[in-house]
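Each number in the working numbering comes from the position in the sequence shown (counting from 1) with 508 added on.
The beta-carbon is built from N, C-alpha and C at its ideal position, and this holds for glycine as well.
So the structure is just underneath, and the comments pick up after that.
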Amino acid sequence: MSVISFENKVPEIGARVFLAPGAVVLGEVFLGDDVSVWFNVVLRADIHWIRVGARSNLQDGVIVHVENQQCPTLLEDEVSVGHGAILHGCTIGSGSLIGMGAKILNDAVIGEGSLVAAGAVVREGFNAPPRSLVVGVPAVVKRSLTDEEYDRARGTALNYLRYKERHLASGLGREDTILESNHDS
């Protein structure tokens, strides 16, 4: 894993965070407590900030970026982002599940407890109310989540907390990460 300062902005990493080998965390990134950043995830906050709330998970191959001083990226608590998804300058509400390969663009807002289907492309400025099922290319709100779907989506974050603990116990992704510097002054 690489934790890298950029233009004097140093990533802030909460307690009990798992950073898998191959993960890159650069610049003005804040990772809340119990976050897990899995293999080959990139969080690049070189031109605005990224904030990942407590108990959230970014699964293998996720890319998180921002828009130049216009659109930061905010993930509230207990957000699960599936393998290979791309989040760019957007806001994701607490307890939401972003499906594998989904793309969420600048200024989009996904409401609390929502599910974005695998492969969905959420256009710029899109706004999904809480507990929405968001599907398609371009994405639309298909309907509200049932209680069962809502509970299952929120349960993903709890599962990843357990996975994180197993990996930390094995010695992977420990907090004794060495901060790299890009030697800026």
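Check residue i in the structure and name its three-state DSSP category.
i: Asn667; result: helix
i: Arg674; result: helix
i: Glu586; result: coil
i: Ala531; result: coil
i: Asp554; result: strand
i: Ser693; result: For Ser693, the pLDDT reaches just 43, beneath the cut-off of 50, and the residue's location in the model is therefore unreliable, although a value from the coordinates is still provided. Correct three-state label for Ser693: coil.
Residues in its own chain within less than 7 Å of residue i by CB, not counting five upstream and five downstream?
i: Glu673; result: none
i: Pro638; result: Gly601, Gly619, Glu620, Gly621 and Ser622
i: Leu669; result: Asp542 and Arg563
Excluding the 5 residues flanking residue i on each side, which residues of the same chain have their C-beta closer than 6 Å to its C-beta?
i: Gly522; result: Leu539, Gly540 and Asp541
Any heavy atom of the ligand MG within a distance shorter than 7 Å of the CB on residue i?
i: Ser564; result: The ligand MG is absent from the structure shown, which contains no ligand whatsoever.
Beta carbon of residue i, beta carbon of residue j: below 8 Å?
i: Leu653; j: Leu641; result: yes
i: Val617; j: Ile606; result: no
Spatial neighbours of residue i within its chain, please: CB distance less than 8 Å, with the 5 preceding and 5 following residues excluded, ordered by chain position.
i: Ser602; result: Gly561, Glu584, Asp585, Glu586, Val587, Glu620 and Gly621
i: Val533; result: Met509, Ser510, Val511, Ile512, Pro519, Ile521, Leu527, Leu539, Val545 and Leu551
Which partner residues does residue i have in the DSSP bridge list?
i: Ala661; result: In the DSSP output, where bridge partners are listed per residue, Ala661 has none listed.
i: Thr599; result: Leu582 and Val617
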